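The structure under discussion appears below in the form of structure tokens.
In the numbering used here, the protein residues as written are 21 to 515.
Spelled out as structure tokens, the structure:
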């Protein structure tokens with residue numbers, strides 16, 4: 021079909037969809053002009069952009085039900101969107117689809133300090149839950165670096181973690197119940213506030229499903245008591261291998277720290293001028309090991325971790341003396357991503373997970389890749405659970421550099437798979453890692469993923485073309501993957 025014919029059809033289609041949606045939503049909740057939809061063209065993965073046909077901004081569950089029924093009737097694809105802080109392109113729009121933002125569903129419905137639960141709408145910010153629970157001596161444990169902005173609905177979609185997920189778990193370990201709407205407009209509750217729920221564990225299936233199975237309208241989360249005391253050790257190492265081995269040694273000693281993070285020299289030197297956290301910028305690697313609990317528990321665990329770190333070859337150890345110093349030590353790790361902008365025009369944040377004992381091997385492998393792709397990489401890790409976040413530094417204004425950054429990222433993920441890991445820990449697949457799914461999972465495994473998707477969404481209207489690559493796509497990837505970087509997301513057929 022030629023362009024002159026296509027344009028009138030697209031405009032007619034847009035008018036039809038807008039008219040239908042305005043029958044159930046206020047006029048200001050249906051956006052379709054370019055200047056209004058432009059802010060929704062991407063999420064945190066800004067390298068890929070696409071203007072949506074329409075953006076809808078519901079404020080109630082009833083409105084979401086009506087939207088989904090209309091989109092199903094008109095066969096319009098829907099991309100659910102939270103705060104847009106995701107880093108894998110999971111909320112990137114579809115040109116002929118609707119972006120459904122849950123940002124206006126931002127109320128804390130109920131906070132029960134006795135049952136230690138909070139019932140919140142999906143647009144509530146992660147940090148806002150802890151702020152609301154603070155007066156009761158409680159907080160919500162998962163703490164992504166973007167927690168000041170990211171929403172709980174997005175956390176559920178991506179199964180987000182954070183620096184304290186080693187001890188307290190990911191989103192899936194801290195959510196008791198999800199209320200969601202299917203593509204047919206049916207309301208379904210998964211899980212409950214009790215210790216167990218009857219039937220299949222569909223809650224665990226739904227968390228991390230990246231908006232492909234339903235739209236979240238309410239989430240019940242666990243609240244945990246604030247620890248009486250918390251202290252953090254900052255340990256320096258003159259060799260990344262020693263630092264990586266120290267992580268494994270801490271866990272092998274039977275210690276589960278509240279947080280166990282690692283940064284290499286590039287990261288430390290990138291962050292220190294930005295936040296002045298007190299990092300040793302001459303160290304090849306820095307570990308941040310936190311203990312929390314009663315004062316007695318903390319002192320005992322700090323002493324045990326110090327002993328293990330010294331035995332592992334630490335060249336210097338500093339322990340926070342008060343809460344201000346503890347927060348300062350963490351400020352560097354929490355601000356690693358924004359600090360990258362001080363030393364590089366652009367960066368590409370990767371996300372993979374490996375066995376802890378392979379940390380040193382993977383770090384050395386990434387160092388070799390820096391030479392191969394002629395790009396720098398700053399490495400930050402949720403080291404305790406093996407979740408890597410390499411920051412590949414590049415300049416998009418230089419021809420070919422973004423392509424090399426993508427190739428570098430794909431190579432890192434292949435290495436993760438080779439050593440027994442996986443291609444994502446908490447950022448999700450989205451469009452960023454969809455080719456890497458072809459590397460990790462077999463045809464039969466991907467067919468099983470599609471079967472789950474089909475059980476919830478027979479018409480494949482909820483966030484299509486994300487997370488699960490089709491058999492056709494992987495076949496094309498296999499033929500074209502003679503050398504890294506030959507294949508780009510836009511080159512591949514839609515399923």
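We put the CB at the ideal spot given by N, CA and C, even for glycine.
All figures in this text were calculated on a predicted structure; none of them were measured in a lab.
Bounding residues of the alpha helix (DSSP H) (the contiguous stretch that carries residue 428): 421–438
C-beta contact flag for residue 203 and residue 337 at 8 Å: no
Cβ neighbour criterion (16 or more within 10 Å) applied to residue 516: Summary: the structure shown does not reach residue 516, with the chain confined to residues 21 through 515, and so no result is reported for it.
Residues that DSSP places opposite residue 160 in a beta bridge: According to DSSP, which records beta bridges pairwise, residue 160 is partnered with nothing at all.
Endpoints, beta strand (DSSP E) assigned at residue 209: 207–211
Which listed residue (400, 442, 342) has its alpha carbon closest to that of residue 372: 442
Unbroken alpha helix (DSSP H) run spanning residue 363, endpoints: Here residue 363 belongs to no alpha helix (DSSP H), and DSSP marks it neither H nor E.
Own chain partners of residue 505 with C-beta closer than 8 Å, once the 5 adjacent residues on each side are dropped: Interpretation of residue 505 is limited by its pLDDT of 37, a score under 50 that renders its predicted location unreliable; the figure taken from the coordinates is listed afterwards. Here the set comprises 423, 424, 426, 427, 430.
Simplified DSSP state of residue 126, which is helix, strand or coil: coil
Beta-bridge partners of residue 372, as assigned by DSSP: 408
Closest Cα partner of residue 113 within the set 468, 209, 58, 351: 58
Range of the contiguous beta strand (DSSP E) that encloses residue 341: Unbroken run through residue 341: none, as it is neither H nor E.
Sub-8 Å separation of residue 240 and residue 196 beta-carbons: yes
Residue 233 vs residue 481 beta-carbon contact at 8 Å: no
Between the CA atoms of residue 29 and residue 23 - distance to the nearest angstrom: Residue placement at residue 23 is flagged as unreliable, the pLDDT there being 43, under the threshold of 50; the coordinate-derived value follows with that caveat. Going from the Cα of residue 23 to the Cα of residue 29 covers about 10 Å.
Straight-line gap, residue 439 to residue 389 (C-alpha atoms, nearest Å): 16 Å
Straight-line Cα distance separating residue 220 from residue 345: 46 Å
Selection from 118, 95, 182, 172 that minimises the alpha carbon distance to residue 445: 182
Reduced DSSP category for residue 284 - H, G, I as helix; E, B as strand; rest coil: strand
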